[in-house]
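Each remark here refers to the structure printed beneath this line.
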Amino acid sequence: MLDLLVRNAQVRGTAGLTDLGVRDGLFVPIEQDARETIDVAGRLVTPPLVEPHIHLDAVLTVGQPRPNVSGSLFEGIAVWSERVKDLTVEDVKTRVRQVLRWQLANGVQHVRSHVDICDPSLTAVRALVEVREEARGQVDLQLVAFPQLGILSFDGGRELMREAVELGADVVGGIPHYELTREDGVESVQFSFALAEEFGLRVDIHCDETDDDHSRFVEVMAAETIRRNMSGRVTASHTTAMHSYNAAYAYRLVNNIKRAGLHMVTNPLDNAVLQGRFDTGPIRRGHTRVKQLQEAGVNVCIGHDSVMDPWYPLGFGDPVQAAFVFVHLGHYSGDDELRRLLDMVTVNPALALGLPNYGIAEGNPADFVVFDAPTDVDAIRLGSRRHLVVRAGRVVARTEPAQTTVTWDGDEQPVTFLRG
Ligand code: FE2
């Protein structure tokens, strides 16, 4: 007998409706007897959403201790540097727990969070390590030791990076374009790779998050990955300067990214508002070269980056909202592109994070999401709520479908926003 039978699922990438069987928390072959049956009535069913890039330590701090009046990246960093002084473990944990609940309600079951280590007490790292244990089995967290103010440029940066790793960071970060010189930037990337190699960790570096076309540290990441044989274990995040490189350099770089097996994360929400700030017109989109990377066979993911913090005042932790904005920033509105889009918030980041046994397949954990929409494109177009979020065969989040009516010619009629 099954523990759960899910009927009439429009499983993403599968033609027609299918049923799903669950026993002992795993997907198993269908049987007709089940303790519980849920009819999802043709709704889209996907594997869990995967958030490859967020800064949980900063969430919900918008306006603290003062608002970011200009909205720029640099004012955001200045505001955050003031807020860091007020961090306590309890403050961080309370905010992180709240956003993790939002993410879970949005179908996110795996999160990679950068955590600022430019604080001699490492308060945020200590808090996140505790929350990672608390949340295990509901939302799985990977923590990146992230030097917001630089490794070489911040007093004690190298030691704090090592201490963060010893406290339990899963991934080593970096921010080479923020270091004092080009040479320091190169050295910081080499430092991060050496630290990761020493501890057997992955690498995820904030790289070239600027409109400066002379910011060229992704090439250093590719070279380090190739030389250290770390293909598949390294992610370059943001990489907005790539948008402004000349075509010949970009061509060479994309080929080296492919050769190195780097994963790439684009963050359309934050970078839509943070980039292009020094342009007077035309204003660049400040976005990385997603299509060119994908044409070369590179794995590209979409990240949310911020939720109500000094850099981005909006958001509620929904990767589908980030994907919707990406459609516009990335000219990703072609028919095939819209159908592939959800890959960038599910299977692609699962690959970047190295998640085992991910996906709707017999023998895998019965983790999945039921959208209140029949297709991928409808889910993106409507920003559809997640009707059910299921973890190991148990419903862990539920949103009742909205019911809307209009009165038309005196007659109250339902509106679904679906065609035909
Ligand atoms: Fe970021």
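Under my numbering, the first residue of the sequence shown carries the number 5, and numbering increases by one thereafter.
In this text, a Cβ means the ideal position worked out from N, Cα and C, and glycines have one as well.
These numbers come from a predicted model, not from an experiment.
Separation of residue j from residue i, as counted between CA atoms
i: Leu422; j: Asp415; result: 20 Å
i: Phe375; j: Glu223; result: 39 Å
i: Ala370; j: His118; result: 28 Å
i: Lys262; j: Met268; result: 10 Å
i: Leu8; j: Pro353; result: 28 Å
i: Asn361; j: Pro378; result: 26 Å
i: Asp215; j: His181; result: 11 Å
i: Ser310; j: Asp413; result: 45 Å
i: Thr185; j: Glu213; result: 15 Å
i: Gln296; j: Phe282; result: 25 Å
i: Arg162; j: Ala149; result: 11 Å
i: Cys305; j: Asp347; result: 8 Å
i: Leu64; j: Tyr336; result: 30 Å
i: Val66; j: Leu60; result: 13 Å
i: Val381; j: Pro124; result: 46 Å
i: Val277; j: Ser74; result: 11 Å
i: Val44; j: Pro272; result: 31 Å
i: Thr420; j: Leu318; result: 26 Å
i: Met234; j: Glu202; result: 12 Å
i: Val294; j: His210; result: 16 Å
i: Thr451; j: Arg70; result: A question about residue 451 goes unanswered here, because the residues of the chain that appear run from 5 up to 424.
i: Thr350; j: Val238; result: 18 Å
i: Ser241; j: Gly363; result: 24 Å
i: Glu404; j: Lys89; result: 41 Å
i: Gln194; j: Ala226; result: 11 Å
i: Gly338; j: His308; result: 22 Å
i: Gly236; j: Gly424; result: 44 Å
i: Glu341; j: Ala383; result: 14 Å
Any C-beta of chain B under 7 Å from that of residue i
i: His332; result: No chain B appears in this structure, which consists of one protein chain only.
Member of the options whose CA lies at the smallest distance from the CA of residue i
i: Val176; options: Glu167, Asn271 and Tyr182; result: Glu167
i: Gly358; options: Val54, Glu40, Asp23 and Arg395; result: Val54
i: Asp217; options: Ala149, Gly280 and Asp144; result: Gly280
i: Asp322; options: Arg39, Ile261, Lys89 and Gln113; result: Gln113
i: Gly334; options: Gln298, Val207 and Gln107; result: Gln298
i: Ala38; options: Leu6, Asp23, His57 and Pro51; result: Leu6
i: Val331; options: His57, Phe320 and Thr270; result: Thr270
i: Gly178; options: Leu342, Thr22, Gly172 and Val207; result: Val207
i: Ser196; options: Val44, Gln407, Pro418 and Ile155; result: Ile155
i: Gly46; options: Val10, Pro52, Ala62 and Ile58; result: Val10
i: Gln102; options: Leu21, Ala62, Pro71 and Trp84; result: Ala62
i: Arg140; options: Leu104, Asp120 and Val129; result: Leu104
i: Asn110; options: Ala406, Arg402 and Gly424; result: Arg402
i: Asn250; options: Val324, Gly301, Glu183 and Ser219; result: Ser219
i: Ala438; options: Trp315, Ala300 and Thr239; result: A question about residue 438 goes unanswered here, because the residues of the chain that appear run from 5 up to 424.
i: Ser85; options: Asp120, Pro51 and Arg99; result: Asp120
i: Asn260; options: Ala326, Ser241 and Val302; result: Val302
i: Glu138; options: Val100, Gly285, Gly160 and Gly17; result: Val100
i: Asn72; options: Ala252, Gln194, Ala226 and Met312; result: Met312
i: Asn368; options: Val15, Asp339, Pro51 and Gly17; result: Pro51
i: Val15; options: Ala365, Ala406, Gly424 and Gln407; result: Ala365
Inter-residue CB distance, residue i and residue j (contact presumed, cutoff 8 Å)
i: Arg390; j: Val373; result: 5 Å
i: Arg136; j: Leu147; result: 6 Å
i: Ala19; j: Val49; result: The pair is not a contact, with the Cβ atoms about 14 Å apart (cut-off 8 Å).
i: Val169; j: Leu199; result: 6 Å
i: Gly265; j: Thr229; result: 7 Å
i: Val115; j: Ile58; result: 6 Å
i: Ala356; j: Pro56; result: 5 Å
7 Å CB neighbourhood of residue i in its chain, flanking five on each side removed
i: Gln142; result: Leu108, Arg395 and Val400
i: Trp106; result: Phe320 and Gly321
i: Ile287; result: Gly280
i: Arg232; result: Phe197 and Glu201
i: Leu21; result: Asn12, Ala13, Gln14 and Gly46
Residues near residue i in its chain [Cβ-Cβ closer than 6 Å; skip 5 each side]
i: Cys122; result: Pro151, Gln152, Leu153 and Phe158
i: Gln68; result: Arg87
i: Gly397; result: Asp7, Leu8, Val26, Gly29 and Ala370
i: Gly172; result: Val133
i: Asp174; result: Gln146 and Leu147
i: Asp23; result: Arg11 and Ile34
Sequence-distant residues of its chain with Cβ nearer than 8 Å to residue i (five each side left out)
i: Thr244; result: Asp212, Glu213, Thr214, Asp215, Asn275, Gln279, Gly290, His291 and Thr292
i: Gln417; result: Thr409, Val410 and Thr411
i: Met246; result: Asp212, Val222, Ala254, Leu257, Thr292 and Arg293
i: Gly387; result: Asp322, Val324, Gln325 and Phe328
i: Ser248; result: Asp215, Asp216, Asp217 and Arg288
Are there three or more Cβ pairs, one per stretch, closer than 8 Å when the region 94–101 is compared with the region 23–33?
no
Below 8 Å, can you find three or more Cβ-Cβ pairs linking the region 183–192 to the region 247–266?
no
For the pair the region 75–90 and the region 391–409, tell me if three or more CB-CB distances fall below 8 Å.
no
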